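Here this note's numbering is used: position 73 in the sequence shown is 379, and no number is missing along the way.
The beta-carbon is built from N, C-alpha and C at its ideal position, and this holds for glycine as well.
As the structure is a prediction and not an experimental result, all values here were calculated from the model.
Just below is one structure, and these are the notes that go with it.
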Amino acid sequence: YNEIGNAEADMGNNSPAFNAYQKALKIIPDTALSLKAKIYKNIGAVFLSWKNLNRALYYYQRSLSFAKLAHDHKTVADCYNNMGTVYE
Numbered sequence: 307y308n309e310i311g312n313a314e315a316d317m318g319n320n321s322p323a324f325n326a327y328q329k330a331l332k333i334i335p336d337t338a339l340s341l342k343a344k345i346y347k348n349i350g351a352v353f354l355s356w357k358n359l360n361r362a363l364y365y366y367q368r369s370l371s372f373a374k375l376a377h378d379h380k381t382v383a384d385c386y387n388n389m390g391t392v393y394e
């Protein structure tokens, strides 16, 4: 579902992307911290595209927490970059 969400988002279909990301969160195991971080980052991007900056920041912060726990340095960097975009 995460990849389906990514494909939808790439085509500019943000509502179906959001729905796919929500489905992905429901089925991934709690131990998949890196994947959970990526999904939350993707949801943040959807909210950013909708100009809902508070919600985008919320999801980027959630993503950052999981990425740090997973030692996923690329997603940590992506989150900081995306959070900077929100503040910009």
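In angstroms, rounded to a whole number, what distance separates the CA positions of residue i and residue j?
i	j	result
VAL392	SER369	14 Å
THR381	VAL352	16 Å
ASN466	ASN308	Residue 466 lies beyond the residue range present for the chain, which begins at 307 and ends at 394; the question has no answer from this structure.
ILE334	ASN348	15 Å
ALA362	ASN388	9 Å
GLN367	HIS377	15 Å
ILE374	LEU339	Position check: residue 374 holds Lys in this sequence, whereas Ile was assumed. Their backbone Cα atoms lie some 9 Å apart in a straight line.
PRO322	TYR365	17 Å
ALA383	THR337	21 Å
ASN360	GLY350	10 Å
LEU354	ALA326	17 Å
Could you check which residue in the options has the C-alpha nearest to that of residue i?
i	options	result
LYS342	LEU354, GLU314, CYS385	CYS385
GLU394	LYS357, GLY311, TYR327, GLU314	LYS357
SER371	ILE345, LEU354, ASP316	ILE345
4-residue-minimum alpha helix (DSSP H) runs that sit fully inside the stretch 350–390, ordered along the chain: Fully enclosed alpha helix (DSSP H) runs of 4 or longer: 359–376.
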